[in-house]
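Using numbering that gives the first Met the number 0, you'd call the opening residue of the sequence shown number 0 and step up by one each time.
The structure appears below as structure tokens.
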Amino acid sequence: MRDGVVLLADRVYAHGREAAPVVLMRSPYGRGALFGLIARLFAERGLQVVVQSCRGTFDSGGSLDPMRQEQADGLDTVDWIRSQPWFPGRLYTYGVSYLGFAQWAIAKPAGEKIDGMALNVTLSNFRDETLAFGGSTLEGSLAWMSMMQLPKKRGLSGILQVLSSSRRAAQLSLIHNHLPLKDLDQLATGERVSWWQDWVGHDDPEDPWWSAVDHSATVADVMVPTTMIGGWRDIFLPHQIRDFEAMQAAGRDVWLTVGPWVHATQAGWQRGSSRR
């Protein structure tokens, strides 16, 4: 990266397809398990895939500061891919949830360096993930913070195993009504989390602090073909529809598929979602 921090990535491709178009996935959840499987499925279909661990996650260097570092790191990664001898001239981005936001962070500034995006159950303004509909989206934010503080080397499968336990869900539900919110990181994880303190310390949606993670103003300016998937019960659907409408109104090539899913149906991260 531009500041010298090294981020780890896996490059996946099929034999004989070393110069195929590239799909970039930037993930804070590791490069194996679910995302390794997705990479292999893309490779099976004749594409190259670069799966990168975001800053401060799964042995990538630096410290995690969710959402606020994805634009600079994403743009540096795009430039790095395009400079490689195996880059054939076409680059696409793909991802769900956080991986989708990582795409929005670079969509406008990357310009013609990207040829298309696939955005699933995600949104362009991270503020709306933590502050929405007149309050704090406490249940989802607290669960995500707790998940990201689990030991990084357990892998996504280990994270899923912990989060899917009824005991863990019960532990988190017990502290949902605790005040002040700044204590919830300590109660949930046993330690202070700097970025949780930032989130709850900026509880005004109009606080300029959130502007660094709000890319909604540039959604209509994104020129590349874009496909979206959302769920009628997905927590981000209202925001994703707004992103779709902004691109559609600007005459962009954009498609949205919405089905009878919750957020975790597509991502596979939430207890019981596969049975709905």
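From the three backbone atoms N, C-alpha and C, an ideal C-beta is built for every residue, glycine too.
Grouping DSSP H, G and I as helix and E and B as strand, with all else coil, what is Leu-180?
-> helix
Residue burial classification, His-262 (beta-carbon count within 10 angstroms, cutoff 16) = buried
Three or more C-beta pairs closer than 8 Å, one from the segment 99-108 and one from the segment 186-198: is that the case here?
-> no
Quick one: Cα of Asp-184 to Cα of Cys-53, how far?
-> 21 Å
In whole angstroms, what is the alpha-carbon distance linking Arg-251 and Arg-232?
-> 26 Å
May I ask which residues mark the beginning and end of the alpha helix (DSSP H) holding Lys-200?
-> A small correction: the amino acid at residue 200 is Gly; Lys does not occupy that position in the sequence shown. Here the alpha helix (DSSP H) through Gly-200 covers 193-200.
DSSP beta-bridge partners for Trp-254?
-> Thr-226
Considering only residues of the same chain and omitting the five flanking positions on each side of Glu-69, which have a CB-CB separation below 6 Å?
-> The answer, listed in chain order, is Ala-101 and Ala-104.
Is it true that the CB of Ala-19 sits closer than 8 Å to the CB of Pro-87?
-> yes
Helix, strand or coil at Met-144 according to DSSP, with G and I counted as helix | helix
May I ask you to report which of helix, strand or coil DSSP gives Thr-92?
-> Strand.
Coarse secondary structure for Ala-19, derived from DSSP in three states = coil
If you compare alpha carbons, which of Leu-236, Met-222, Asp-2 and Gly-189 is closest to Ala-249?
-> Met-222
For Lys-151, which of helix, strand or coil comes out of DSSP?
-> Any answer about Lys-151 is weak, because its pLDDT of 48 lies below 50 and its placement is not dependable; what the coordinates show is given next. Three-state result, Lys-151: helix.
Unbroken stretches of the beta strand (DSSP E), 3 residues or longer, contained in the segment 38-83 = Note on the segment 38-83: whole beta strand (DSSP E) runs with a minimum of 3 residues are 47-52, in chain order.
Under the DSSP definition of a beta bridge, which residues are partnered with Asp-203?
-> None; Asp-203 has no bridge partner.
Just curious, the beta strand (DSSP E) that Met-116 is in, first and last residue?
-> 115-119
Rounded to a whole number of angstroms, what is the C-alpha to C-alpha distance between Arg-39 and Arg-126?
-> 33 Å
DSSP bridge partner residues for Ser-123 (one or two, in chain order) | Note: Ser-123 sits in no beta bridge, so no partner.
Near Trp-260, what residues of its chain come up, given a Cβ to Cβ distance below 6 Å and the 5 sequence neighbours on each side ignored?
-> Gly-230
In terms of DSSP beta bridges, what is Asp-213 paired with?
-> Residue pairing for Asp-213: DSSP places it in a beta bridge opposite Asn-124.
Beta-carbon separation of Thr-217 and Met-246 under 8 Å?
-> no
Pick out whichever of Arg-241, Leu-118 and Leu-180 has its Cα sitting closest to the Cα of Ser-140.
-> Comparing alpha carbon positions, the residue from Arg-241, Leu-118 and Leu-180 closest to Ser-140 is Leu-180.
Between the segment 74-91 and the segment 208-216, do at least 3 Cβ pairs fall closer than 8 Å?
-> No, they do not touch.
Look at the alpha carbon of Val-95 and the alpha carbon of Glu-17, and state the distance between them as a whole number of angstroms.
-> 25 Å
What do you get for Asn-176, buried or exposed, if any count of 16 or more other CB atoms within 10 angstroms of its CB means buried?
-> exposed
Please check the pair Leu-6 and Gln-51, which I expect to be a contact at CB under 8 Å, by giving their CB distance rounded to whole angstroms.
-> 6 Å
Starting from Arg-10 and walking both ways along the beta strand (DSSP E), at which residues does that stretch end?
-> 8-11
Starting from the C-beta of Gly-73, find all residues in its chain whose C-beta is less than 7 Å away, skip the five residues before and the five after it, and write them out in chain order.
-> Arg-25, Ala-101, Ala-104 and Ile-105
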